[in-house]
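Q: Mapping of the sequence shown onto the UniProt record's numbering: position 43 corresponds to residue 54, and the numbering continues sequentially without gaps.
C-beta: ideal position from N, C-alpha, C; glycine also.
All figures in this text were calculated on a predicted structure; none of them were measured in a lab.
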Amino acid sequence: LSGADLVVVGAGFFGLTVAEQVASLGKTVVVLDRRPHLGGNAYSESDPETGIEVHRYGAHLFHTSNERVWRYVNRFTDFTGYQHRVFSVSAGRVYPLPINLGTLCEYFGRQLTPEQARELIREQAAEIETGAADNLEDRAISLIGRPLYEAFIRGYTQKQWQTDPRDLPAEVITRLPVRYTFDNRYFSDRYEGLPVDGYTAWLQRMADHPRIEIRLCTDWFDVRSTVRPGTPVVYTGPVDRFFDHAAGRLGWRTLDFRSEVLPVGDFQGTSVMNYADVDVPYTRIHEFRHFHPERDYPADRTVIVREYSRPAGEGDEPYYPVNTPRDRAVLQRYRELAAREPDVLFGGRLGTYQYLDMHMAIASALTLFDNEVRPRLS
Ligand code: FAD
Ligand code: NA
């Protein structure tokens with residue numbers, strides 16, 4: 012590592028964006044990742060049996076309204092016209108999500124105008140005052156009323172946290188938006204789509220530069236001593252791990268994925284089906300062929316992945332920050348420690364303990380490059 016102008020820890024979108032910008036500036040960069048592949052959590056691969064592209068760390072949908080990010084990502088890939096939509100099974104019936112006028116008409120079994128639906132939800136939500144809610148269940152009821160809470164939120168939340176929603180803090184839910192139109196597009200950003208030839212091809216193109224060296228299966232903590240002192244390091248691993256958990260562990264939720272190839276051409280007719288009921292152990296089923304209806308996938312086999320959610324233990328992949336008041340206090344301690352590391356810049360999902368969509372990780376990496384990295388290298 013002693014020859015590089017910059018070292019990046021983590022070959023996810025954040026790290027690769029920084030590396031690509033550094034290489035374009037004429038400097039050399041080594042990117043380390045402890046995993047055997049690049050791409051971080053956006054990595055995907057072809058299922059060997061069917062050729063269907065499967066996102067190994069959970070389904071990834073690209074969407075952004077950020078013009079700079081959209082121009083940037085289009086340098087590395089074209090996008091399909093895929094528009095994400097999600098459905099939910101509740102008590103044996105199927106509803107569109109996010110909760111919208113279609114969901115309400117279906118659930119209440121009659122035609123509702125937007126104004127009638129608003130009035131109905133207002134009445135049902137009046138049962139509990141939002142300010143008085145001191146647990147997740149009461150907060151949710153105060154926002155959307157008890158019937159919708161019980162149909163769509165209670166079981167799903169219980170499964171996400173493995174905890175009764177009455178024992179979860181109210182802050183876990185800040186908003187529960189209800190759309191009073193029939194629009195059931197999941198994202199409302201200006202641009203949306205999936206990379207035409209897959210995430211891994213996109214990520215590899217970002218890394219494909221003579222001044223970028225990728226070292227896989229390499230853990231930062233095994234090689235840090237070989238970095239020339241004064242070399243800037245962009246660290247996108249877990250911030251608590253960087254400091255040996257000196258201020259305690261930050262809480263994360265993790266996911267378990269159980270994948271199956273089925274001998275049918277179409278299992279569920281859509282890419283993501285949520286399961287709101289608590290007696291179904293998984294939270295959702297992904298059927299990956301539906302992310303790319305334009306591709307020539309086999310007509311007699313399909314790949315489905317059941318997703319299970321739980322709090323992360325020490326050896327688990329950290330996916331979503333839990334972000335309790337205690338976590339925020341611990342994070343504050345790590346921010347203070349980080350400020351005392353002049354050569355290390357902390358970034359990305361794990362390095363800042365923040366859920367970041369891909370477009371946010373890329374935007375944040377471009378900003379870090381402009382404000383912190385470029386000045387150090389020139
Ligand atoms: P990561 O992709 O996590 O990359 C960090 C890398 O650092 C990892 O590869 C890791 O192996 C490496 N690393 C950590 N520690 C070390 C170490 N000590 N030494 C070497 N390497 C190390 N975004 C969207 O826009 N749309 C979606 O639909 C979407 N779905 C998601 C679903 C799930 C389940 C999750 C968890 C995330 C999802 N995201 C989605 C977010 C997306 O994954 C992130 O925006 C993106 O991964 C952020 O990139 P990153 O580089 O910050 O982190
Ligand atoms: Na949801």
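1. Provide the residue(s) that pair with F232 in DSSP beta bridges, ordered along the chain.
2. Using 8 Å as the cut-off, can you tell me whether the segment 331-348 makes contact with the segment 362-375, which would need three or more C-beta pairs spanning the two stretches below that distance?
3. Say the cut is 7 Å; is the CB of D44 nearer than that to a heavy atom of the ligand FAD?
4. Is the beta carbon of Q135 less than 8 Å from the beta carbon of G156?
5. Using only the alpha-carbon positions, how far apart do G23 and E271 sit?
6. By the three-class DSSP mapping on this structure, what secondary structure does R317 have?
7. At the level of alpha carbons, what is the spacing between residue 395 and E383?
8. I need the straight-line Cα distance from F64 to Q343, nearest angstrom please.
9. So, using beta-carbon positions, are Q32 and L348 closer together than 8 Å?
10. Compute the minimum distance between the beta carbon of W231 and the heavy atoms of the ligand FAD, and state whether it is under 7 Å.
11. Shorter than 7 Å, the distance from the beta carbon of A143 to the closest heavy atom of the ligand FAD, or not?
12. Rounding to the nearest angstrom, what Cα-Cα distance links S389 and P243 in this structure?
13. By DSSP, does residue 8 sit in helix, in strand, or in coil?
14. Is Y246 helix, strand or coil by DSSP?
15. Give a yes or no on whether the C-beta atoms belonging to I312 and E56 are separated by under 8 Å.
16. Since W231 contacts A323 with CB under 8 Å, what's their CB separation in whole angstroms?
17. For H301, does the three-state DSSP call read helix, strand or coil?
18. Quick check on DSSP: helix, strand or coil for D277?
19. How big is the Cα-Cα spacing for L187 and P292?
20. By Cβ distance, which residues of its chain are closer than 8 Å to N285, with the 5 residues on each side in sequence left out?
21. Kindly indicate which three-state DSSP category T363 falls into: helix, strand or coil?
A: From the atom records:
1. None; F232 has no bridge partner.
2. yes
3. yes
4. yes
5. 26 Å
6. strand
7. No statement about residue 395 is possible, as the shown extent of the chain runs from 12 to 389 and does not include it.
8. The sequence given here places Glu at residue 64; Phe does not occur at that position. Looking at the two C-alpha atoms, the distance is approximately 39 Å.
9. no
10. yes
11. no
12. 12 Å
13. No information on residue 8 is available, as it lies outside the stretch 12 to 389 that the chain covers here.
14. strand
15. In the sequence as presented, Ile is not what sits at residue 312; that position holds Arg. Contact: no.
16. Between A323 and W231 the Cβ distance is about 20 Å, and since that is not below 8 Å, they are no contact.
17. helix
18. coil
19. 23 Å
20. V97, F98, S99, V100, L108, Y167, T294, R295
21. coil
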